[in-house]
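Engineer: Take a look at the following structure, please.
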Amino acid sequence: MSGPDEGVGGDAPQAIRKLAPGKLVIASHNPGKVREIRALLGPYGIEPVSAAELDLPEPEETGTTFVANAELKALQAADLSGLPALSDDSGLCVEALGLEPGIFSARWAGPEKDFGVAMQRIEDRLAALPPETGRDAHFICALALAWPDGHVEWFEGRVDGTLVWPPRGDRGFGYDPMFVPLGHEQSFAEMDPEAKHAMSHRADAFRQLVAAVL
Numbered sequence: 013m014s015g016p017d018e019g020v021g022g023d024a025p026q027a028i029r030k031l032a033p034g035k036l037v038i039a040s041h042n043p044g045k046v047r048e049i050r051a052l053l054g055p056y057g058i059e060p061v062s063a064a065e066l067d068l069p070e071p072e073e074t075g076t077t078f079v080a081n082a083e084l085k086a087l088q089a090a091d092l093s094g095l096p097a098l099s100d101d102s103g104l105c106v107e108a109l110g111l112e113p114g115i116f117s118a119r120w121a122g123p124e125k126d127f128g129v130a131m132q133r134i135e136d137r138l139a140a141l142p143p144e145t146g147r148d149a150h151f152i153c154a155l156a157l158a159w160p161d162g163h164v165e166w167f168e169g170r171v172d173g174t175l176v177w178p179p180r181g182d183r184g185f186g187y188d189p190m191f192v193p194l195g196h197e198q199s200f201a202e203m204d205p206e207a208k209h210a211m212s213h214r215a216d217a218f219r220q221l222v223a224a225v226l
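Counted the way the numbering used here counts, the sequence shown spans residues 13 to 226.
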């Protein structure tokens, strides 16, 4: 999926803008995300620099969708840095919890970004439901690529799976230890990073981005 220029009126589709090799701001202060994005961009002549390295502030995520939050972060980073900027907004959506935590996935971890607390919160909510309640869940990743002139392209990826308890594995980050993708027995946090990169929601969105702009 790709999005037209933010704020441009009319129904005519906008041409996909290609991303030239060179510096690209990763509009994230999450070291796990930055690490994964660097690995995914490595083969394409892109030189990723994180928002933290540039001392860029973290904007308040006021959007009501993953795409909206990704766009506002990318647009701010591009405006402040004068460089193209890529932002990722992603989260875990639990079917039995009405797709929560969703866009609030990071906020469930609190100001200390303690995802052990966030995972326990999900498990406690599920445990309070009838025993036959399903544990289906999916991760969503929205990528927004913005240029300093305000042009934005966006892409959205998804991976489906089930939740396990207790959490398993010490790789990955966020909710990875409790998420097992469909067709697999290991959680994301038990997998080799290369295996996760091959199937994750972020990888799905990146495949779309690469095909469109690189």
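Virtual Cβ for every residue (Gly too), placed ideally from N, Cα, C.
1. For residue 176, does the three-state DSSP call read helix, strand or coil?
2. Could you say which of 88, 208, 183 lies nearest to residue 195 if we only look at CA atoms?
3. Please list the segments of the alpha helix (DSSP H) lying wholly inside the segment 54-131, counting only runs of 4 or more residues, in order along the chain.
4. In whole angstroms, what separates the C-alpha of residue 84 from that of residue 123?
5. Along the chain, where does the alpha helix (DSSP H) that runs through residue 35 open and close?
6. In terms of DSSP beta bridges, what is residue 170 paired with?
7. Quick check: what's the CA-CA separation for residue 101 versus residue 143?
8. From the DSSP output, which residues share a beta bridge with residue 157?
9. Sort out for me which residues DSSP pairs residue 193 with in a bridge.
10. Does DSSP classify residue 31 as helix, strand or coil?
11. Should residue 200 go down as buried or exposed, given a rule of 16 or more other Cβ atoms within 10 Å for buried?
12. Whose C-alpha, out of 67, 76, 214, is nearest the C-alpha of residue 50?
Structural biologist: From the atom records:
1. Here residue 176 is taken as the residue at index 164 of the sequence shown, counted from 1. Note: residue 176 maps to coil in three-state DSSP.
2. One-based indexing of the sequence shown puts residue 195 at position 183. Of 88, 208, 183, the residue nearest in Cα terms is 208.
3. 78-93
4. Stepping through the sequence shown from its first residue, residue 84 is reached at position 72. Stepping through the sequence shown from its first residue, residue 123 is reached at position 111. When rounded, the distance between both Cα atoms is 21 Å.
5. Locating residue 35 in the sequence shown gives position 23, where the first residue counts as 1. First-last for residue 35: 34-38, but that is the beta strand (DSSP E), not the alpha helix (DSSP H).
6. Position 158 of the sequence shown, counting from 1, holds the residue named residue 170. Paired residue(s): 152.
7. Here residue 101 corresponds to residue number 89 of the sequence shown, with the count starting at 1. Here residue 143 corresponds to residue number 131 of the sequence shown, with the count starting at 1. Going from the Cα of residue 101 to the Cα of residue 143 covers about 32 Å.
8. For the purposes of this step, residue 157 is taken as residue 145 along the sequence shown, with counting starting at 1. Looking at the DSSP assignment, residue 157 forms a beta bridge with 98, 165.
9. The residue you call residue 193 lines up with position 181 of the sequence shown. Looking at the DSSP assignment, residue 193 forms a beta bridge with 173.
10. Translated into positions along the sequence shown, residue 31 becomes position 19. Coil, per DSSP.
11. As a first step, residue 200 is located in the sequence shown; it is residue number 188 there, counting from the start. With 16 or more Cβ atoms within 10 Å of its Cβ, residue 200 is classed as buried.
12. Here residue 50 is taken as the residue at index 38 of the sequence shown, counted from 1. Measuring from the Cα of residue 50, the nearest candidate turns out to be 214.
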